[in-house]
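Report on one structure; see the data block that follows.
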Amino acid sequence: MLEENLKDVEEKIQQACARAGRDRSEVTLIAVSKTKPEEVLKEAYDLGIRVFGENKVQELTDKYEALPKDIHWHMIGHLQRNKVKYIIDKAELIHSVDSMRLAEAIEKEAAKRELIVDVLLEVNVAKEESKFGLMPEEVEEFVEKAAKFPHIRVKGLMTIAPFVDNPETNRPVFARLRKLSVDIDAKKVNNITMSILSMGMTNDYQVAIEEGATMVRVGTGIFGARNYTQV
Ligand SMILES: *Cc1c(COP(=O)(O)O)cnc(C)c1O
Numbered sequence: 001m002l003e004e005n006l007k008d009v010e011e012k013i014q015q016a017c018a019r020a021g022r023d024r025s026e027v028t029l030i031a032v033s034k035t036k037p038e039e040v041l042k043e044a045y046d047l048g049i050r051v052f053g054e055n056k057v058q059e060l061t062d063k064y065e066a067l068p069k070d071i072h073w074h075m076i077g078h079l080q081r082n083k084v085k086y087i088i089d090k091a092e093l094i095h096s097v098d099s100m101r102l103a104e105a106i107e108k109e110a111a112k113r114e115l116i117v118d119v120l121l122e123v124n125v126a127k128e129e130s131k132f133g134l135m136p137e138e139v140e141e142f143v144e145k146a147a148k149f150p151h152i153r154v155k156g157l158m159t160i161a162p163f164v165d166n167p168e169t170n171r172p173v174f175a176r177l178r179k180l181s182v183d184i185d186a187k188k189v190n191n192i193t194m195s196i197l198s199m200g201m202t203n204d205y206q207v208a209i210e211e212g213a214t215m216v217r218v219g220t221g222i223f224g225a226r227n228y229t230q231v
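Just so we're aligned, residue 1 is where the sequence shown starts under full-length UniProt numbering, counting upward by one.
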């Protein structure tokens, strides 16, 4: 099943790239493996997957220890400041910087360890009450402040689009994040780039790619439904 799912997702990514006139190499597939046991990740690894996304610190660090060292781990979930220290040297990219206090905590820990940490700013494009993330109108000022942190490199933006039946409904959300990143990029703020747009999940990654996503985060579409009661 995993092999077929991966093939199917890969095909759909290629088709979306073709429709948008983009090169397949512009889009990184992140296999979102949260709640899935290590054996299943190993199976995906053996099928060639090297980029995994997790949303919990403990789960990411456990899997990091257990699985091969050439895996690239992405932290995609809300991050508490007191847990930064556990993943700062394990996550290749933190997608979910959603407050200045979190950015400060990352800066402090990174300075202590003499690391430079790559991050994305999470934007609550659709302004959903239930979601973390900066409001779109806050992002520019945030970027200017974050640019002053010597141990943080802002690489782009991330959003979690609303849960919708028809993925087309999220097209304006993705377009808005893209526009925000283009506008910020045009300001040429020192020390930051807007090269990464992390948007699109199982339900809507094809639309997200058409709208410029450079990273898509696909869980269910690769691993099947999650069973939270087993965790
Ligand atoms: C779980 C999760 C995903 C993957 O969701 P699917 O719908 O299973 O593809 C993507 N991004 C984030 C931030 C998640 O928490």
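Where is the CB? At the ideal position from N, CA and C, for every residue including glycine.
Proximity below 8 Å, CB of residue i to CB of residue j
i	j	result
Ile87	Val119	no
Glu43	Leu2	yes
Ile116	Gly156	no
Val143	Val189	yes
Met194	Ile184	yes
Glu136	Val123	Checking the displayed sequence, the identity of residue 136 turns out to be Pro instead of Glu. Yes, these two residues count as a Cβ contact at 8 Å.
Ala186	Phe174	no
Glu92	His74	yes
Lys63	Glu38	yes
Glu54	Ile76	yes
Where the alpha helix (DSSP H) containing residue i begins and where it ends
i	result
Thr28	Segment 28-32 is the beta strand (DSSP E) holding Thr28; no alpha helix (DSSP H) there.
Ala208	205-210
Met100	100-112
Near ligand 1: residue i beta-carbon under 7 Å from a heavy atom
i	result
Gly133	no
Gly221	yes
Met1	no
Met201	yes
Gly156	no
Element boundaries [beta strand (DSSP E), containing residue i]
i	result
Ser198	196-198
Arg50	Unbroken run through Arg50: none, as it is neither H nor E.
Leu121	117-122
Val154	152-158
Glu92	91-97
Arg217	215-218
| message | Quick test of the definition: if touching needs 3 or more C-beta pairs under 8 Å, does the segment 100-107 touch the segment 72-87? | response | yes
TODO: Kindly confirm or deny that the segment 200-212 and the segment 126-143 touch, where touching means at least three C-beta pairs closer than 8 Å.
DONE: no
Does the count of Cβ pairs from the segment 207-224 and the segment 24-34 closer than 8 Å reach three? yes
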